[in-house]
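Peer 1:
Numbering (UniProt numbering), first residue to last: 1 to 472.
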């Protein structure tokens, strides 16, 4: 019997897992070699050691006596990391587990003249009731490319309703109307100052007057309840990927505020005086910049660190690369949702791929603004709320963090405590109650109760069509 010939073997060409060249196994003859087995043998470590040796030799020749080489501490103990953003400044030593977060804002005393009105960028297309009465030409031009606020919001609500039907959830046909009726009838509860455990120590009040201070930085700047009445001007020097040129007259004024914020944060938060990095030059600095960076932006910030503040060395790295390295990854897709922008970039083998960088002019501040208009549609209890006021903006930001969610299904969770175990279930798209406090300087605290229906989910589902084409 003739046996059938076996089928020919398939030749498969394996795909490379990575584009990085993997060095082959070292020859067994040199198995005792220590080549590239430690970081001290890299070209960067050898260059640092050579520079230190040349500097030490020059000092010995100048002074005529030999000095002992300095002993370095733990890795990262002399390296400072600065990550500036539109709303927050993250700063700390490289050896620290978590950085210190400081509001990236400064309040300077106004010298003379009429105070300059700060520019508030409305990213969301306002409802018709919130706009000023436009002329006929403006109305015709706006009608060409803008849809009414209610129509765009109705599109999001219809999409949410379809998802609720898919998950077989019951929708209330008059949920927003019931919430508006409840919010119109509810009255706030007044809490006296001595009974408010979370009261703020406002600056510029009768109990806490301002002395001869010329500026306040970070949280102290936000504690100025009425900056204009205290002859102070509140400014945010950075916005997105560039400097905030809307609120300043010159770039040098912005750079001066940035240096003041950084040096004050180093002194008050990290207890690092100026002499440690200005005269002694003991610290190096790593500056974290956006993925889509501007040369002018990087040049000016590097000039602040090296020339004005006097750091010894600087290293500039992109946000996505630092995030990937911090997570211990060499390949990742990094999505960064900031205050005024959202950036997306892919990191491959320790490098940011330039063609994958995407920046959207949409951030957390836009969601806060959109939530404000949605809450006003259901009779927001805080009637005098203004987006341009710092205290009101902080209230809306806390409400956004407390309420907004993309979960429209019924969620159930088990909460385990020391003495009992209890189950909790909640439907996000329902008539839910929320409490918030309104704190103003020289006024009693007001506790408001608010009822919402689908506004938290609709605010989180905001789409780019709700924002102007010329955003920020």
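We put the beta carbon where it would ideally sit given N, CA and C, even for glycine.
Would you mind sorting residue 39 into buried or exposed? The rule is 16 or more other CB atoms within 10 Å of its CB.
Peer 2: Classification for residue 39: exposed.
Peer 1: Per DSSP, what kind of secondary structure is residue 182 in: helix, strand or coil?
Peer 2: Helix, per DSSP.
Peer 1: How close, in whole Å, do the beta carbons of residue 202 and residue 441 come, if the pair is a contact with beta carbons under 8 Å?
Peer 2: Indeed, because the Cβ distance is near 4 Å, the residues count as touching under 8 Å.
Peer 1: Under three-state DSSP, which class holds residue 194?
Peer 2: DSSP places residue 194 in helix when its eight states are reduced to three.
Peer 1: Spatial neighbours of residue 363 within its chain, please: C-beta separation below 7 Å, excluding the five flanking residues on both sides.
Peer 2: Once the five neighbours on either side are set aside, the close Cβ partners of residue 363 are 337, 338, 339, 340, 341, 342.
Peer 1: Taking the beta carbon of residue 451 as the centre, do at least 16 other beta carbons fall within 10 Å, making it buried, or is it exposed?
Peer 2: Buried, since its Cβ has 16 or more Cβ neighbours within 10 Å.
Peer 1: Measuring CA to CA, which of 63, 109, 104 is closest to residue 213?
Peer 2: Nearest C-alpha to residue 213: 109.
Peer 1: Is residue 464 helix, strand or coil by DSSP?
Peer 2: Of the three classes helix, strand and coil, the one that applies to residue 464 here is helix, per DSSP.
Peer 1: Closest by CA to residue 77, which one among 85, 92, 83?
Peer 2: That would be 92, whose Cα lies nearest to the Cα of residue 77.
Peer 1: Give the range of the beta strand (DSSP E) segment to which residue 348 is assigned.
Peer 2: Note, residue 348: beta strand (DSSP E), 342–348.
Peer 1: Rounded C-beta distance between residue 242 and residue 291? I'm assuming under 8 Å.
Peer 2: Not quite, the Cβ-Cβ distance comes to about 13 Å (not below 8 Å), so this is no contact.
Peer 1: Locate the alpha helix (DSSP H) running through residue 446, then write down its first and last residues.
Peer 2: Looking at the DSSP string, residue 446 is not in any alpha helix (DSSP H); the run it does join, the beta strand (DSSP E), is 445–452.
Peer 1: Can you name the residues that DSSP bridges to residue 88?
Peer 2: Answer by DSSP bridge pairing, in chain order: 103.
Peer 1: Under 8 Å by Cβ, that's how I've got residue 462 and residue 370 pegged, so tell me the actual separation to the nearest angstrom.
Peer 2: The Cβ separation is near 5 Å, so the contact holds.
Peer 1: When DSSP labels each residue in this structure, what does residue 244 get in the three-state scheme?
Peer 2: Coil at residue 244, not helix or strand.
Peer 1: Considering Cα atoms alone, identify which of 193, 61, 160, 394 is closest to residue 446.
Peer 2: Checked all of 193, 61, 160, 394; the closest Cα to residue 446 is 193.
Peer 1: Quick check: what's the CA-CA separation for residue 299 versus residue 151?
Peer 2: So the two alpha carbons sit approximately 45 Å from each other.
Peer 1: Closer than 6 Å by C-beta to residue 278: which residues in its own chain qualify, once you throw out the five before and the five after it? Chain order, please.
Peer 2: Answer for residue 278: 310, listed in chain order.
Peer 1: Counting beta carbon pairs with one atom in the stretch 149–163 and one in the stretch 266–278, are three or more of them shorter than 8 Å?
Peer 2: Contact between the stretch 266–278 and the stretch 149–163 is absent, because fewer than three Cβ pairs lie under 8 Å.
Peer 1: Using three-state DSSP, classify residue 286 as helix, strand or coil.
Peer 2: Residue 286: strand per DSSP, three-state reduction.
Peer 1: By the DSSP assignment, the alpha helix (DSSP H) with residue 394 in it spans what residues?
Peer 2: Looking at the DSSP string, the run of the alpha helix (DSSP H) that includes residue 394 is 390–403.
Peer 1: Of the choices 377, 381, 289, whose alpha-carbon is the least far from that of residue 154?
Peer 2: If we check each option's Cα against that of residue 154, 377 comes out closest.
Peer 1: Please report the straight-line C-alpha distance between residue 198 and residue 352, rounded to a whole angstrom.
Peer 2: Going from the Cα of residue 198 to the Cα of residue 352 covers about 44 Å.
Peer 1: Going by the beta-carbon positions, is the gap between residue 448 and residue 42 smaller than 9 Å?
Peer 2: Not a contact, by the Cβ cut-off of 9 Å.
Peer 1: Mind checking residue 249: buried by the 16 CB within 10 Å criterion, or exposed?
Peer 2: Classification of residue 249: exposed, given that the 10 Å Cβ count is below 16.
Peer 1: Using CA atoms only, rank isn't needed, just tell me which of 435, 47, 406 is closest to residue 429.
Peer 2: For residue 429, the nearest C-alpha among the options comes from 406.
Peer 1: Would you say residue 80 and residue 283 are within 9 Å of each other, going by their C-beta atoms?
Peer 2: Contact flag set, yes.
Peer 1: Determine the burial state of residue 48: buried for a count of at least 16 other Cβ atoms within 10 Å of its Cβ, exposed for fewer.
Peer 2: Burial call: exposed.
Peer 1: Where do the ends of the alpha helix (DSSP H) carrying residue 333 lie?
Peer 2: Counting along the chain, residue 333 falls outside any alpha helix (DSSP H), though it belongs to the beta strand (DSSP E) covering 332–337.
Peer 1: From the DSSP output, in three-state form, read off residue 93 for me.
Peer 2: Residue state, collapsed to three classes: strand.
Peer 1: DSSP beta-bridge partners for residue 208?
Peer 2: Its beta-bridge partners do not exist; DSSP assigns none.
Peer 1: Report back the beta-carbon spacing between residue 367 and residue 460 to the nearest angstrom; my notes put them in contact at under 8 Å.
Peer 2: Confirmed, about 7 Å.
Peer 1: DSSP on residue 315, reduced to helix/strand/coil?
Peer 2: If DSSP states are grouped into helix, strand and coil, residue 315 belongs with the strands.
Peer 1: Using 9 Å as the threshold, is the C-beta distance between residue 374 and residue 455 below it?
Peer 2: For residue 374 and residue 455, yes; Cβs fall inside 9 Å.
Peer 1: Judging by CA-CA distance, which residue of 183, 317, 191, 269 is the nearest neighbour of residue 437?
Peer 2: With distances taken between Cα atoms, residue 437 lies closest to 191.
Peer 1: Could you check the C-alpha separation between residue 239 and residue 361 for me, to the nearest Å?
Peer 2: Each residue's Cα considered, the two are about 11 Å apart.
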